[in-house]
Every structure is written in structure tokens, then in C-alpha cells.
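Chain order of the listed sequences is A and B. Residue numbers are given in the numbering used here: position 176 of the first sequence equals residue 176, and the series is strictly consecutive. Position in the second sequence (from 1) plus 264 gives the number in the numbering used here. Glycine included, each C-beta is placed from N, C-alpha and C at the ideal position. For clarity, every value in this text was computed on a predicted model and none was experimentally measured.
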Amino acid sequence: MTNLISQAFKNDKKKLVTFVTGGDPDFKTSLQIINTIINNGADIMEIGMPFSDPMADGPTIQLSSNRAISKGIDLENIFSLASEAKKTKIDLPIILMGYYNLILHFGIEKFVKKCKENGVDGLIIVDLQPEEDEDLINELEKNEIDLIRLITPTTDEERLKLILKNASGFLYYVSVMGTTGQKSADLNELKKSVAFIKRHTNLPVVPGFGIKNSTDVNNICKIADGAVVGSSIIKIIEDNLNNKNKMLSEISKFSKDLKDGTKV
Amino acid sequence: MLKNTYKSYPNEKGYFGQFGGRYVSETLMPLILEVEKEYEKIKNDKDFINEFNHYLKTYVGRPSPLFYAERISNDLGGPKIYFKRDELNHTGAHKINNCMGQILLAKRMGKSRIIAETGAGQHGVATATVCALFGLPCIVYMGEKDIERQSPNVFRMKLLGAEIRSVSTGSKSLKDAMNEALRDWVTNVKDTFYIIGTAAGPHPYPAMVRNFQSVIGKEVRKQLEEVEGKSPDLLMACIGGGSNALGLFHEFLDDSNVEMIAVEAAGHGINTDKHAASLTGGKPGVLHGNKTYLLQSKTGQIQEAHSISAGLDYPGIGPEHSFLFEEKRVTYMSATDKEALEAFQYCCKLEGIIPALEPAHALAVLKKIAKNYNKDKIIVMNMCGRGDKDIFTIADELKIKI
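Structure below.
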């Protein structure tokens with residue numbers, strides 16, 4: 001069986017990768033949001049596992065995590081969201097993104113088994129680098145689930161080689177030094193970085209962090225294999241908490257715009 | 265590794281048994297590896313050690329005295345009780361030992377901007393102080409709740425030229441201040457050095473902070489040898505993150521005849537949901553760069569801690585303590601807000617020392633257990649901070665208007 005993530009990158013089209021926090025603003029609405037995004041253009045869906053201390057995230061995702069946690073969202077809910085999303089589009093890769101403590105607390109083996117059962121194709125763990133990921137990697141490999149590696153502007157050649165060792169699926173390039181949803185990438189710098197990574201690997205490179213709209217997506221897609229958008233979608237949730245219909249229609253429109261941005 | 269070489273931890277990956285490590289975002293990894301590399305270089309460098317010792321002696325005021333607390337000893341009717349008086353250090357706590365070491369390292373690394381987190385404000389004040397001393401800009405992250413209850417320290421930091429950034433996310437205390445400091449660091453990774461205030465965080469911080477603080481225990485060994493001609497029988501200290509305790513304990517970890525007790529903050533009580541006793545009430549997890557005991561919910565969210573003492577109000581603990589706890593090398597006990605408050609007043613009246621609320625926790629347990637020790641035994645407690653910063657909290661608790 002081929003992993004859905006590698007399969008998704010088989011054609012030359014640039015990929016729209018979207019992120020929302022699972023369970024924000026509540027389970028039911030979150031599922032509607034995820035389905036709306038999937039039906040309007042996402043090529044890969046990242047579902048955030050809400051954590052009390054999201055150290056790599058800016059204010060938008062922090063608030064989003066708090067909203068989900070205050071609704072009692074736990075990993076069981078996240079797995080349900082993943083399996084429901086999978087039903088919406090069977091070949092669309094689902095990635096869970098978050099912090100290591102939740103997985104450790106749940107139990108690594110049990111967590112990976114649940115991922116497999118619920119159609120999760122990959123994981124992004126922000127605070128887990130190659131130095132510490134042996135336990136998780138072993139389980140993931142057994143179950144053919146990708147650990148999507150993060151590469152950043154501070155990653156040097158030596159570390160890049162280390163990171164690429166167990167890399168699969170695609171590479172998530174953190175395009176700015178900072179937290180999510182803040183600064184925007186310098187496109188010239190980004191171009192150099194993507195070229196630097198591509199000299200060492202054939203894996204697709206998809207930048208994220210600070211990519212806010214369709215124009216940004218378009219600029220990034222001219223340089224890389226796709227773009228990740230998260231905080232801007234979550235901002236729509238935040239701005240329309242009292243009007244669910246408007247929230248969903250705006251997310252639908254925004255997703256289409258973002259998808260248009262991937263056409264280069 | 266033999267069990268009688270506790271002092272040799274951590275291993276090269278920063279592990280104390282199963283605890284410690286490096287759990288940070290990739291953006292920070294290269295920098296943290298650089299901090300480690302530079303720290304390894306200066307650790308045994310004569311010039312660095314001389315410079316560090318020079319500032320400890322002439323600026324911090326070390327060695328701090330070892331004081332025989334005779335009236336408390338007599339009152340408790342048992343062993344001889346000594347206070348290691350780190351509250352007499354410049355800035356009023358043990359925190360400055362570590363700040364001095366880290367800022368000298370930051371200077372060597374050519375960093376031009378310093379950030380720190382603070383709970384009680386003692387680490388913030390100490391960081392602001394060394395930044396003023398060396399002319400570096402200083403930004404201190406502090407929870408909104410702590411800014412309120414530690415106003416004297418907030419003002420001191422401002423006088424010292426630091427910028428205080430109020431943190432209003434989460435529990436609005438130390439844990440959240442540390443999150444914000446990490447977010448700052450990841451954004452300003454090239455020019456910024458993060459002076460972490462306790463023996464926690466990604467490797468090499470837990471070992472580095474401990475080593476800078478270990479001057480406390482080394483002095484105790486020498487001082488006690490001079491006055492008593494022997495080693496202590498029991499060492500005691502309070503723990504939030506645990507740097508003052510490790511500072512006192514580390515020198516003696518391999519002396520199997522030296523007993524150690526560390527005291528966590530039990531807040532309203534260990535059986536309530538308002539305490540800060542991570543070892544007694546938590547389980548292993550990953551936060552702020554290290555694997556260690558943490559207060560967590562049933563679903564793995566980090567819980568808010570509570571303590572009357574802002575310096576102990578943290579849901580985690582340094583990884584070396586988690587290791588010493590599982591190894592049973594150190595006994596971990598706890599004291600409630602109320603017990604600490606009583607011990608605070610007891611110390612003021614009997615010894616003329618106004619302790620910080622943090623060491624008052626250690627004294628509270630010391631009061632209870634002293635009777636188990638004979639008159640020929642010697643207990644050394646780390647008086648790691650003075651209580652000036654706490655007078656408003658105390659007045660509030662005692663319902664006195666000042």
C-alpha cells in the first residue's frame with residue numbers, strides 16, 4: 001500500500017495544505033469546518049491537537065487551542081474528527097499536528113495504533129526533533145505513517161542530513177523565525193532555502209508559517225511544492241464565533257481563493 | 265553507571281535517567297546545541313572560572329555565611345540547625361549565582377540581547393541586575409498574576425532598566441511566562457540569549473544552572489568543616505524548579521551518609537486541585553524543553569499550579585529532581601500555604617530573619633521533622649531568599665493593612 005501523502009505529491013500540481021485546531025470552536029462545528037475546507041480545495045488536511053502550552057504558536061492558534069480545550073476536546077475527539085474527515089474524501093491525506101506531551105501521556109503505541117485505525121497518514125510534532133524521536137519513529141514505521149519533518153531557517157547542512165535520515169511524506173519548511181501567524185517570509189531567502197533543501201533530497205518541500213492569503217500562497221507555490229495556511233483560517237473562526245453560517249461560508253470562499261493561489 | 269555516582273549525571277544527551285533531554289522546536293535546536301558547545305568550552309576554562317568567582321566574591325557577596333540558628337535549634341529541642349544564608353546575596357536570593365554564570369557565557373557567545381522569565385521576580389531582578397552590570401538590554405516575561413503579587417520586584421526590575429512584558433495567557437504565572445520567553449527566543453534566535461532561572465529546560469540548561477548554583481553546597485562543606493569538623497547529616501531546601509535545592513545538594517549527592525529533603529509547595533493541600541507539588545501529584549511528561557514530572561489533567565493538558573509563593577508556583581520541576589525522586593536519593597515532602605506562613609512568622613520572631621515564602625516552606629517541614637533527629641545531628645537548610653518581596657502577600661494573608 002502506498003502512503004496517501006506520497007501519492008498526493010505524485011502529480012506536478014502545487015498542494016494546498018490547510019491547518020485548523022481540532023474541536024475549535026466545538027466538535028460539531030469543527031467537523032463542518034474541516035469538511036468545508038476539504039470540499040473547497042485542500043489537498044492535505046492538518047488537524048491540530050489542542051494543547052495547553054503551544055509554545056511554537058502565535059496568539060491566534062493559542063486562543064484557538066484554548067477554545068477547543070474549554071470544550072473538553074481530547075485525543076479521542078481528534079481521532080473521530082480524523083476518521084470523519086477521511087469519510088468526506090477517502091484519498092485526502094490527514095495529518096495530526098501538535099506537541100509531544102499529549103502523545104506521551106496517551107501512550108506512544110496506543111496513539112499510533114489509533115492513528116492507523118482512524119485514517120491518519122502523518123504526524124507533525126513541533127517539539128520533537130531527531131535527537132528524541134526514536135520511540136515514536138519505530139512505531140510509525142511499523143504502521144506506515146509519515147513523520148513530517150520540520151526544517152527551519154536555522155537548520156544547517158549537518159542538521160539537515162540528520163533530519164532527512166528518517167524523513168518521509170514531505171518536508172515542512174518553517175519559513176520564518178518565530179511563531180505561527182506572525183511575520184511573513186522573505187521570498188528571496190525562501191527561494192535559497194528551498195534550493196538548499198532540494199540539493200539534499202527528492203522529497204517535496206512545503207513552507208508554512210506567516211502565509212496569510214491567496215497571493216502569499218501563489219508566491220510560495222512558485223518557489224516550492226505547496227503552501228501551508230493555518231492562522232488565517234482560524235482567524236475567520238475567531239471573528240465569526242457568533243455566526244456559524246457566516247463562518248462556514250467565509251471559510252468556503254477563503255479555501256477556494258487559497259486553492260486558486262496554488263495555480264502557477 | 266554505578267548508583268554511587270549521582271554527581272556524574274546527566275549523560276551526553278542531557279538525560280538524568282529517563283528525564284531531561286531536548287524537546288524544543290527545530291528553530292531553537294541549532295542555538296541550543298551552540299549553547300551546549302560554548303558551555304562545555306568554558307566549564308573548565310580557568311579564565312572563565314576566575315571571572316565568575318571574581319564577580320561572585322566582589323559583586324554578589326559570596327561566600328554567604330553559614331549561620332547557626334540557635335534559638336530555633338533550642339526551641340525545636342533536637343539537632344543543630346544551620347541556615348545557609350543565600351538570602352544575603354546581592355538582590356536577595358540564590359538566583360544571581362546562576363545569572364552571573366549565564367551572562368558571562370552570553371557575553372562570550374557575542375549575544376546582544378537578554379531575555380528571562382520570572383515568577384516571584386527574584387530571577388527577573390537578578391537577570392536585570394547582571395544586564396545592567398554588563399550593559400545588555402533585558403526583557404523579562406512575567407505573568408500578570410505575579411506582577412500583581414510581586415510589585416516590589418517589578419519596580420526593582422524597572423529601576424534596573426529592564427523591560428517587563430506582562431503575560432496574560434493561561435494561568436498568567438511562571439509557566440506562561442516561560443512559554444512567552446520561548447516564543448521570543450524562537451523569533452530572535454540570532455542575537456538573543458535566554459537566561460533560564462531554574463535547573464530546567466532543554467539540555468544543557470538543567471546541568472548548567474545546577475553547576476552555577478553548586479557553589480552553595482561547596483561552601484557549606486567547607487564552612488561546616490571549619491565550625492563542626494564534619495559533614496551535615498541532613499540538607500533541606502524548598503523546590504519550585506529546584507535550582508536552590510540542587511545548588512545545596514549536588515556537592516553531597518555521592519555522600520551516602522548525607523540525607524536530603526526537598527520541600528514542594530502543597531498550596532491548599534496535596535489532595536486539593538490547588539497545589540504545586542509536581543513530584544507528589546504529577547506524572548512524567550514533556551514541557552519547556554525537558555521530560556520531567558508535571559501536573560497534568562487526565563487528558564495530558566498541563567494544569568495550573570497554585571502556591572502562595574510565586575517562586576514555587578510552577579507545574580513542573582527540573583529533570584534532575586525527577587531522577588533523584590525515582591532513585592529515592594532525595595526525599596520529597598511538601599508544606600501548605602498555611603504551614604509556610606506560620607514558619608515565616610516563626611523565623612522572623614525567633615531569628616530576626618525575614619525569609620522569603622519559598623524557604624519558609626522548607627522551614628515548615630524542618631519544624632515538623634526536627635524531633636526525629638538527635639542533638640548531635642546537624643541540619644543545613646538553604647535560606648535561599650529574603651522576604652522583603654513578600655510583605656504585601658503576607659499582610660494580605662494576615663489581614664493587616666500596611
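Check whether residue i and residue j have beta carbons under 8 Å apart
| i | j | result |
| --- | --- | --- |
| residue 75 of chain A | residue 49 of chain A | yes |
| residue 176 of chain A | residue 194 of chain A | no |
| residue 82 of chain A | residue 44 of chain A | no |
| residue 169 of chain A | residue 148 of chain A | yes |
| residue 459 of chain B | residue 581 of chain B | no |
| residue 476 of chain B | residue 543 of chain B | no |
| residue 643 of chain B | residue 345 of chain B | yes |
| residue 287 of chain B | residue 553 of chain B | yes |
| residue 598 of chain B | residue 509 of chain B | no |
| residue 575 of chain B | residue 384 of chain B | yes |
| residue 388 of chain B | residue 406 of chain B | yes |
| residue 654 of chain B | residue 620 of chain B | yes |
| residue 545 of chain B | residue 534 of chain B | yes |
| residue 488 of chain B | residue 495 of chain B | yes |
| residue 577 of chain B | residue 438 of chain B | yes |
| residue 257 of chain A | residue 214 of chain A | yes |
| residue 229 of chain A | residue 207 of chain A | no |
| residue 315 of chain B | residue 369 of chain B | no |
| residue 614 of chain B | residue 335 of chain B | yes |
| residue 470 of chain B | residue 584 of chain B | yes |
| residue 285 of chain B | residue 158 of chain A | no |
| residue 184 of chain A | residue 212 of chain A | yes |
| residue 586 of chain B | residue 347 of chain B | no |
| residue 645 of chain B | residue 349 of chain B | no |
Check: residue i C-beta below 7 Å from any heavy atom of the ligand FMN
| i | result |
| --- | --- |
| residue 60 of chain A | Ligands displayed in this structure: none; no statement on the ligand FMN is therefore possible. |
Minimum C-alpha distance to residue i - residue among the options
| i | options | result |
| --- | --- | --- |
| residue 324 of chain B | B:393, B:306, B:299 and B:334 | B:393 |
| residue 424 of chain B | B:440, B:401, B:444 and B:566 | B:401 |
| residue 448 of chain B | B:292, B:648 and B:640 | B:292 |
| residue 280 of chain B | B:621, B:664, B:593 and B:441 | B:593 |
| residue 567 of chain B | B:549, B:584, B:573 and B:583 | B:549 |
| residue 523 of chain B | B:623, B:340, B:595 and B:331 | B:595 |
| residue 410 of chain B | B:381, B:492 and B:375 | B:381 |
| residue 538 of chain B | B:272, B:602, B:517 and B:610 | B:602 |
| residue 127 of chain A | A:118, A:101, A:85 and A:115 | A:101 |
| residue 251 of chain A | A:124, A:18 and A:141 | A:18 |
| residue 274 of chain B | B:395, B:637 and B:473 | B:473 |
Burial state of residue i, where buried means 16 or more other Cβ atoms lie within 10 Å
| i | result |
| --- | --- |
| residue 145 of chain A | buried |
| residue 634 of chain B | buried |
| residue 514 of chain B | buried |
| residue 328 of chain B | buried |
| residue 443 of chain B | buried |
| residue 180 of chain A | buried |
| residue 467 of chain B | buried |
| residue 436 of chain B | buried |
| residue 105 of chain A | buried |
| residue 235 of chain B | There is no way to answer for residue 235 of chain B, as the model of chain B reaches only from 265 to 666. |
Per DSSP, cross-strand counterpart(s) of residue i
| i | result |
| --- | --- |
| residue 502 of chain B | B:527 |
| residue 377 of chain B | B:456 |
| residue 281 of chain B | Residue 281 of chain B pairs with nothing; no bridge assigned. |
| residue 430 of chain B | B:406 |
| residue 634 of chain B | Paired residues: none, contrary to the question. |
| residue 555 of chain B | B:284 and B:550 |
| residue 348 of chain B | B:330 and B:646 |
| residue 173 of chain A | A:151 and A:207 |
| residue 46 of chain A | A:19 and A:95 |
| residue 226 of chain A | A:15 |
CB contact below 8 Å: residue i versus chain D
| i | result |
| --- | --- |
| residue 447 of chain B | In the structure shown, chain D does not exist; the protein chains are A and B. |
**Report entry** Short-range partners of chain B found in the stretch 51-71 of chain A, where Cβ spacing is below 9 Å
**Finding:** Taking a C-beta cut-off of 9 Å against chain B, the contacting residues of the stretch 51-71 of chain A are 51, 52, 53, 54, 55, 56, 57, 58, 59, 62, 63, 66 and 69, listed in chain order.
**Report entry** Residues of the stretch 188-201 of chain A whose Cβ lies closer than 7 Å to any Cβ of chain B, in chain order
**Finding:** Across the stretch 188-201 of chain A, no CB contact with chain B closer than 7 Å is found for any residue.
**Report entry** Chain-ordered residues of the stretch 166-191 of chain A with a beta carbon less than 7 Å from chain B
**Finding:** 174, 177, 178 and 179
Requested in this report: Anything in the stretch 285-296 of chain B with a Cβ closer than 9 Å to a Cβ of chain A? List those residues in chain order, please.
Outcome: 285, 286, 287, 288, 289, 290, 291, 292, 293, 294 and 295
Query raised in the report: Taking a cut of 8 Å between CB atoms, which residues from the stretch 112-144 of chain A lie near chain B?
Result: 126, 127, 128, 129, 131 and 132
Query raised in the report: At a Cβ cut of 7 Å, what residues of the stretch 559-570 of chain B count as close to chain A, listed as they run along the chain?
Result: 560, 563, 564, 565 and 566
Report task. Check distances from the C-beta atoms of the stretch 413-435 of chain B to those of chain A and list, in chain order, the residues that come in under 8 Å. Result -> 433 and 434
Report task. Residues of the stretch 547-558 of chain B with a CB closer than 7 Å to any CB of chain A: list them in chain order, please. Result -> 549, 550 and 551
Report task. Could you please tell me which residues of the stretch 450-472 of chain B, in chain order, have their CB closer than 8 Å to any CB of chain A? Result -> 450, 451, 452, 453 and 454
Report task. Using a Cβ-Cβ cut-off of less than 7 Å, give me the residues of the stretch 97-111 of chain A that come near chain B, in sequence order. Result -> Against chain B - using a Cβ distance shorter than 7 Å - the residues of the stretch 97-111 of chain A are 100, 101, 102, 104, 105 and 106.
**Report entry** Contact residues within the stretch 146-157 of chain A, judged by C-beta distance below 9 Å to chain B
**Finding:** Contact residues of the stretch 146-157 of chain A toward chain B are 149, 150, 151, 152, 153, 154, 155 and 156 (C-beta to C-beta distance below 9 Å).
Query raised in the report: According to a CB-to-CB cut-off of less than 8 Å, which residues of the stretch 398-412 of chain B neighbour chain A?
Result: none
Query raised in the report: Listed in chain order, which residues of the stretch 16-31 of chain A have Cβ atoms closer than 7 Å to some Cβ of chain B?
Result: With the criterion set as a beta carbon lying under 7 Å from some beta carbon of chain B, the stretch 16-31 of chain A has no members that meet it.
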